Amino acid sequence: MFYGWFIVGAAGLVVFSSGPGQSYVFSIFIDSIIEDTGLSRPGISGLYMASTGMSAILVAIVSRLADLYGPRTMLVAVGLGFGVACFGMATATNIVLFYIAFASLRALGQGSLNINSILLVNQWFVSRRGKAIAMMGLGAVMSSAIFPPFARYLIVNFGWREAYGVIGVVAIALIIPVTLLVVRNRPEDLGLHPDGSSEPPVSETRQAASGLVRNRGVFNSMDFWLLALSLGTPGLVSTALVFHQTSIFEEKGLSATLAAGVFVIFSGSSAVSSLLAGFVVDRIGPKYLYAFSMVSLLAALVLVVAVDSVFMAVVYVLVMGVAGGAHHIVQGVIWAHYYGRHGLGRVQGSAMTINFCASAIGPLPLAIFHDLTGTYTLGVVVMMALPVLSVLALIKARPGGSSPVVQPVGELPRVP
984 MFYGWFIVGA AGLVVFSSGP GQSYVFSIFI DSIIEDTGLS RPGISGLYMA
1034 STGMSAILVA IVSRLADLYG PRTMLVAVGL GFGVACFGMA TATNIVLFYI
1084 AFASLRALGQ GSLNINSILL VNQWFVSRRG KAIAMMGLGA VMSSAIFPPF
1134 ARYLIVNFGW REAYGVIGVV AIALIIPVTL LVVRNRPEDL GLHPDGSSEP
1184 PVSETRQAAS GLVRNRGVFN SMDFWLLALS LGTPGLVSTA LVFHQTSIFE
1234 EKGLSATLAA GVFVIFSGSS AVSSLLAGFV VDRIGPKYLY AFSMVSLLAA
1284 LVLVVAVDSV FMAVVYVLVM GVAGGAHHIV QGVIWAHYYG RHGLGRVQGS
1334 AMTINFCASA IGPLPLAIFH DLTGTYTLGV VVMMALPVLS VLALIKARPG
1384 GSSPVVQPVG ELPRVP
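Start counting at 1 in the sequence shown, then tack on 983, and there's your number in this note's numbering.
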């Protein structure tokens, strides 16, 4: 068996372990934190925005360091920091310490663990990249299914601080051993080639034809920024919905337990969508798949307004799962698809910085609309314009050129 599939398994476990830093877990803690600390809902949303903004900055730095030192070294460092951040959440005694712990948790969990996992898999696969990213994404699916009800159980029985302490131990116990024992930065480090082929891969576009990313050309290109801004929409919308999901459900007469429990359904839908999308994207490319994910996201926004029963809640999370699964594949493959493997950390890190900034903004408008109108409905309706605008930006953008080449990619530099 090609060793790259062991890399996919290890990366999937890391992504699974990032759950405590993700929105779908933090949403379970919000009401308990507000009750314990006295923070307002807009205050929590503002803190979330600032913390996710820190994540945006850190992911740009970490992705560049991954180009220099390799994902393996960065995963060990980030994994240790992530566990410490969980313990910080458990022990914070004032708002300053709480902010530092939460900002670190978001920055390391939501951003740095995931970007390094994606960069790692992109180094090991080219022609089967979509399939590999889809398999890795099962870790995120399992995380969104297991961590929310697990966190809810811990909160109810032990308290929200103790819950963060427990999941911090789980995260460290999973991330560090698998990284040290399994992860290797690139197939070339073991005398192999991507996909397990006998020859070096071909570059995917003219931008990557010489085996390196022309970074100045990339960042001076309007196409790059159009694509990066467009890809920020799912992060903004889905983070806003997930962040306020418990409150939205309670507003509609549904329970907080249901809000946590439907993540299992979301996970199943996302898993199926992700696996299918992984096979499809290797054949049709990421643009058409992204358009499909935006249509699905728009449908989810319409459905969340209509949620008034358990059945409608299930339909809503099913559609959200379809949109999320497809977008996960697009986000994982699109930058390597257009710009190649070498220097990928800088390109993908810059794009993900924009994505995290969008995620940081997402919860605040809904919180403000709720405080002004007493309901989340108007804020959700306004957000319906974003998927439409994103598809228009996608049509306009032509990143990395438009036609593939067959020139071999040059030798990649070795890193520790």
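Glycine included, C-beta positions come from ideal geometry on N, C-alpha and C. Quick caveat: nothing in here was measured; it's all calculated off a predicted structure.
Out of the options, point me to the one whose CA is closest to residue i's CA.
i: Leu1163; options: Trp1107, Thr1056, Ala1282; result: Thr1056
i: Gly1308; options: Tyr1322, Val1264, Arg1329; result: Val1264
i: Ala1154; options: Arg1024, Pro1054, Gly1021, Leu1058; result: Leu1058
i: Met1125; options: Val1288, Ile1351, Val1293, Gln1005; result: Gln1005
i: Ala1123; options: Leu1241, Asp1291, Pro1003; result: Pro1003
i: Val1300; options: Ala1282, Val1042, Ser1087; result: Ala1282
i: Thr1240; options: Leu1284, Val1293, Tyr1271; result: Val1293
i: Ala1274; options: Ser1253, Pro1217, Arg1329, Phe1232; result: Pro1217
i: Phe1070; options: Tyr1082, Gly1151, Thr1020; result: Gly1151
i: Val1363; options: Leu1219, Phe1065, Ser1253; result: Leu1219
i: Gly1066; options: Glu1233, Tyr1147, Ala1289; result: Tyr1147
i: Ser1034; options: Asn1077, Tyr1082, Ile1078, Gly1064; result: Tyr1082
i: Ala1319; options: Cys1340, Leu1361, Pro1177; result: Pro1177
Using a Cβ-Cβ cutoff of less than 6 Å, which residues in the same chain neighbour residue i once the five nearest sequence positions on both sides are dropped?
i: Gly992; result: none
i: Trp988; result: none
i: Ser1000; result: Ala1154, Leu1157, Ile1158
i: Phe985; result: Gly1179
i: Val1165; result: Phe989, Ala993
i: Val1247; result: Ala1128
i: Ala1243; result: Ile1011, Pro1131, Pro1132, Arg1135
i: His1311; result: Gly1120, Ser1257
i: Ile926; result: Nothing can be reported for residue 926: it is not among the residues displayed for the chain, which extend from 984 to 1399.
i: Val1161; result: Ala993, Leu996
When you measure from the CB of residue i to every non-hydrogen atom of the ligand MN, does any distance come out below 6 Å?
i: Ala1376; result: Questions concerning the ligand MN fall outside what the structure shown contains, since it holds no ligand whatsoever.
In whole angstroms, give me the CA-to-CA distance for residue i and residue j.
i: Gly1215; j: Asn1338; result: 4 Å
i: Lys1379; j: Ser1373; result: 10 Å
i: Leu1375; j: Leu1091; result: 32 Å
i: Leu1458; j: Tyr1359; result: Outside the modelled stretch of the chain, which goes from 984 to 1399, sits residue 1458, for which no answer is possible.
i: Leu1327; j: Ala1073; result: 36 Å
i: Leu996; j: His1227; result: 27 Å
i: Leu1048; j: Ser1100; result: 14 Å
i: Ala1075; j: Ala1084; result: 7 Å
i: Leu1137; j: Ser1204; result: 48 Å
i: Leu1401; j: Val1109; result: Residue 1401 lies beyond the residue range present for the chain, which begins at 984 and ends at 1399; the question has no answer from this structure.
i: Leu1284; j: Val1365; result: 10 Å
i: Arg1112; j: Arg1167; result: 17 Å
i: Lys1270; j: Ala1260; result: 12 Å
i: Gly1062; j: Trp1107; result: 21 Å
i: Val1371; j: Ile1016; result: 35 Å
i: Pro1025; j: Tyr1007; result: 18 Å
i: Leu1080; j: Gly1029; result: 16 Å
i: Ser1342; j: Leu1209; result: 17 Å
i: Thr1188; j: Lys1235; result: For Thr1188, the predicted model reports a pLDDT of 46, less than 50, meaning its position is unreliable and no value from the coordinates is stated.
i: Leu1175; j: Leu1102; result: 17 Å
i: Thr1356; j: Phe1207; result: 37 Å
i: Tyr1321; j: Phe1262; result: 18 Å
i: Met1032; j: Leu1347; result: 7 Å
i: Pro1170; j: Asp1291; result: 51 Å
i: Leu1272; j: Ala1289; result: 26 Å
i: Ala1254; j: Ile1267; result: 20 Å
i: Ser1238; j: Val1139; result: 14 Å
i: Asp1354; j: Glu1233; result: 15 Å
i: Arg1381; j: Phe1141; result: 52 Å
Check the C-beta distance from residue i over to residue j and give it rounded, since I have them as a contact under 8 Å.
i: Met1303; j: Phe1249; result: 6 Å
i: Ala1211; j: Ala1334; result: 4 Å
i: Thr1229; j: Gly1345; result: Not really, about 16 Å apart at Cβ, beyond 8 Å.
i: Val1313; j: Ser1276; result: 6 Å
i: Ile1351; j: Val1287; result: About 17 Å separates the two Cβ atoms, so there is no contact after all.
i: Ala1060; j: Leu1088; result: Wrong, their Cβ atoms sit about 15 Å apart, outside the cutoff.
i: Leu1377; j: Ser1213; result: 5 Å
i: Gly1315; j: Ser1046; result: About 14 Å; that fails the 8 Å criterion.
i: Val1104; j: Ala1115; result: 5 Å
i: Trp1143; j: Asp1019; result: 7 Å
Which same chain residues end up closer than 7 Å to residue i when comparing Cβ atoms and leaving out the 5 residues on each side of it in sequence?
i: Ser1279; result: Val1302, Val1305, Ala1306, Ala1309
i: Leu1258; result: Ala1117
i: Val1245; result: Ala1296, Val1297, Val1300
i: Val1149; result: Leu1137
Between residue i and chain D, is any beta-carbon pair separated by less than 7 Å?
i: Leu1259; result: Here chain D cannot be found, since the structure has a single protein chain.
Using C-beta distances below 8 Å, list every residue in its chain close to residue i, excluding the 5 sequence neighbours before and after it, in chain order.
i: Val998; result: Leu1096, Asn1097, Ser1100, Met1119, Gly1120, Gly1122, Ala1123, Ser1126
i: Leu1195; result: For Leu1195, the pLDDT reaches just 45, beneath the cut-off of 50, and the residue's location in the model is therefore unreliable, although a value from the coordinates is still provided. Counting only Cβ-Cβ distances below 8 Å, and skipping sequence neighbours, we find Gly1323, His1325, Gly1326, Gly1393.
i: Thr1336; result: Ala1039, Ile1040, Val1042, Ala1043
i: Glu1145; result: Ala1073, Leu1137
query = Are at least three pairs of beta-carbons, each pair with one atom in the segment 1011-1020 and one in the segment 1122-1142, less than 8 Å apart?
reply = The segment 1011-1020 makes contact with the segment 1122-1142, as at least three CB pairs between them are under 8 Å.
inquiry  = Would you call the segment 1027-1039 in contact with the segment 1093-1105, where contact means no fewer than 3 C-beta pairs closer than 8 Å?
reply    = A contact exists between the segment 1027-1039 and the segment 1093-1105.
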